[in-house]
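I have placed the structure first, in the form of structure tokens, so that the comments after it can refer back to it.
Residue numbers (this note's numbering): 7 to 393.
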């Protein structure tokens, strides 16, 4: 009888332990109260018509998708970055070495042309006392396989002067972060009011995020730097060149970062989960503030909704230590085929996410659509939505 009672007690204690463990597992997560994170959570909902600051806006060329955007001056100014036409890669026709910075203000659009800067993802516009300044990847290196200048090797800051051209591949203040094996596909996010200069580099799909003091970075001395560059050949009679380019710039490798972490690349091949793992799809932009890093990825549906389904876009929020504070969430707007069709943006569901911005407690996304214009011709257009 005593042994039977002991057995009953052991079973009860074991059950109690299991119940406690299971209860701990089911314990509710801490409630999100940060207004910035609450705003990001709203990206999972379908937007209203009134949230669209740009509902299918044609840019400089109708043949290429926009790659970067910014919003300034109480939403009165919209800024875009767009690469030039491919032109079948033929000298004299192709404009792949060009990037257009576009400012829309008071209904008027103004352009600035950059050459050999490279991929124009994730631009930032800085409002200064003496004018508007553009922060963008620079020192583009041509990828011979596809003849595109995606591989930016530095970051440049220069004044926006509509109607002008920059033909050197960089300008103004230029920031460098190392050799070809460590720093390429560079993009930036800048918050002068918070003393933040954030720079990303990509290697084999893994994205490294480095955050510096903007004041300390700008105070660095200009030193002689060099990059190996494959460029030119777009003009008739012009030969491609493989050269070592020397320039004056600020060497960020001499400055300690306030924070640095890597978002490893996930894929189907290594059992990645497309809806849960950050950096499963193509990295398509980021932003920062004094607490968080907002990481955006996505993939358009090639305009083939029947075969590919809706376009995809996701956002994950990290802290400065690289810990996830808001798990990967779908940005619903790019998947809203009927809404985009009803607004005259696209009938195919093609929505190619190209960035995210956080301004105080307001959040913005930008994406490129592809669909018919008023004449029935398929063109790329830009969309910006405010949350």
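Using N, Cα and C, we set each Cβ at its ideal position, and we do this for glycine too. From a predicted model like this one, the values you see are computed outputs, not experimental measurements.
Inter-residue spacing [alpha-carbon to alpha-carbon] between residue i and residue j
| i | j | result |
| --- | --- | --- |
| residue 357 | residue 343 | 9 Å |
| residue 226 | residue 266 | 19 Å |
| residue 6 | residue 341 | Because the chain spans 7 through 393 in this model, residue 6 falls outside it and cannot be assessed. |
| residue 372 | residue 140 | 18 Å |
| residue 151 | residue 236 | 12 Å |
| residue 131 | residue 59 | 17 Å |
| residue 100 | residue 154 | 10 Å |
| residue 39 | residue 369 | 16 Å |
| residue 27 | residue 102 | In this prediction, residue 27 has a pLDDT of 47, which is less than 50 and means its spatial position is unreliable; what the coordinates show is noted afterwards. Spanning the two alpha carbons is a distance of roughly 59 Å. |
| residue 246 | residue 46 | 45 Å |
| residue 243 | residue 95 | 14 Å |
| residue 82 | residue 248 | 43 Å |
| residue 183 | residue 374 | 30 Å |
| residue 349 | residue 233 | 46 Å |
| residue 104 | residue 306 | 23 Å |
| residue 324 | residue 241 | 44 Å |
| residue 252 | residue 41 | 46 Å |
| residue 281 | residue 179 | 39 Å |
| residue 157 | residue 173 | 17 Å |
| residue 64 | residue 379 | 9 Å |
| residue 80 | residue 392 | 11 Å |
| residue 193 | residue 328 | 18 Å |
| residue 301 | residue 77 | 18 Å |
| residue 29 | residue 209 | Low per-residue confidence applies at residue 29: pLDDT is 49, beneath 50, and the placement is therefore not dependable, though the value from the model is reported in the following sentence. If you take the alpha carbons of residue 29 and residue 209, they lie about 42 Å apart. |
| residue 66 | residue 171 | 14 Å |
| residue 196 | residue 86 | 16 Å |
| residue 169 | residue 333 | 43 Å |
Residue i burial status per 10 Å Cβ neighbour count (16 or more: buried)
| i | result |
| --- | --- |
| residue 310 | exposed |
| residue 303 | buried |
| residue 88 | buried |
| residue 44 | exposed |
| residue 346 | buried |
| residue 207 | buried |
| residue 389 | buried |
| residue 285 | buried |
| residue 162 | buried |
| residue 229 | exposed |
| residue 116 | exposed |
| residue 191 | buried |
| residue 330 | exposed |
| residue 250 | exposed |
| residue 55 | exposed |
| residue 135 | exposed |
| residue 113 | exposed |
| residue 297 | exposed |
| residue 387 | buried |
| residue 128 | buried |
| residue 25 | For residue 25, the predicted structure reports a pLDDT of 45, less than 50, and the residue's modelled location is therefore unreliable. The matter cannot be settled from this model. |
| residue 125 | buried |
| residue 48 | exposed |
| residue 98 | exposed |
| residue 382 | exposed |
| residue 354 | buried |
| residue 315 | exposed |
| residue 36 | exposed |
| residue 133 | exposed |
| residue 175 | buried |
| residue 185 | exposed |
Per DSSP, cross-strand counterpart(s) of residue i
| i | result |
| --- | --- |
| residue 218 | 203 |
| residue 378 | 384 |
| residue 209 | 212 |
| residue 194 | 205 |
| residue 89 | 105 |
| residue 325 | 298 |
| residue 252 | 232 |
| residue 120 | 105, 172 |
| residue 303 | 289, 320 |
| residue 110 | 84, 115 |
| residue 332 | 323 |
| residue 132 | 139 |
| residue 361 | 372 |
8 Å contact criterion, which residue i and residue j should meet: CB distance rounded
| i | j | result |
| --- | --- | --- |
| residue 61 | residue 364 | Actually they are not in contact, since the Cβ atoms of residue 61 and residue 364 sit about 21 Å apart, beyond 8 Å. |
| residue 214 | residue 268 | 5 Å |
| residue 70 | residue 91 | 6 Å |
| residue 165 | residue 137 | 5 Å |
| residue 6 | residue 255 | Given that the chain is displayed from residue 7 to residue 393, the structure contains no residue 6 and the question cannot be resolved. |
| residue 271 | residue 211 | 3 Å |
Any C-beta of chain B under 7 Å from that of residue i
| i | result |
| --- | --- |
| residue 38 | Here chain B cannot be found, since the structure has a single protein chain. |
> Counting Cβ pairs closer than 8 Å, one from the region 304–320 and one from the region 359–375, do we hit at least three?
Replying inline: Because the criterion of three Cβ pairs below 8 Å is met, the region 304–320 and the region 359–375 touch.
>> Using a Cβ distance threshold of 8 Å, determine whether the region 262–276 contacts the region 333–342, with at least three qualifying pairs required.
In response: No, because fewer than three Cβ pairs between the region 262–276 and the region 333–342 fall closer than 8 Å, the two stretches do not touch.
> On the three-pair Cβ rule with 8 Å, is the region 245–262 touching the region 284–297?
Replying inline: When C-beta atoms of the region 245–262 are compared with those of the region 284–297, fewer than three pairs fall below 8 Å, so the two segments do not count as touching.
>> So, does the region 136–152 touch the region 115–124, judging by three or more C-beta pairs under 8 Å?
In response: The answer is yes - the region 115–124 touches the region 136–152, with three or more Cβ pairs under 8 Å.
> Taking three-plus beta-carbon pairs below 8 Å as touching, is the region 216–223 in contact with the region 193–205?
Replying inline: Pairwise C-beta distances place the region 216–223 in contact with the region 193–205, as three or more of them are shorter than 8 Å.
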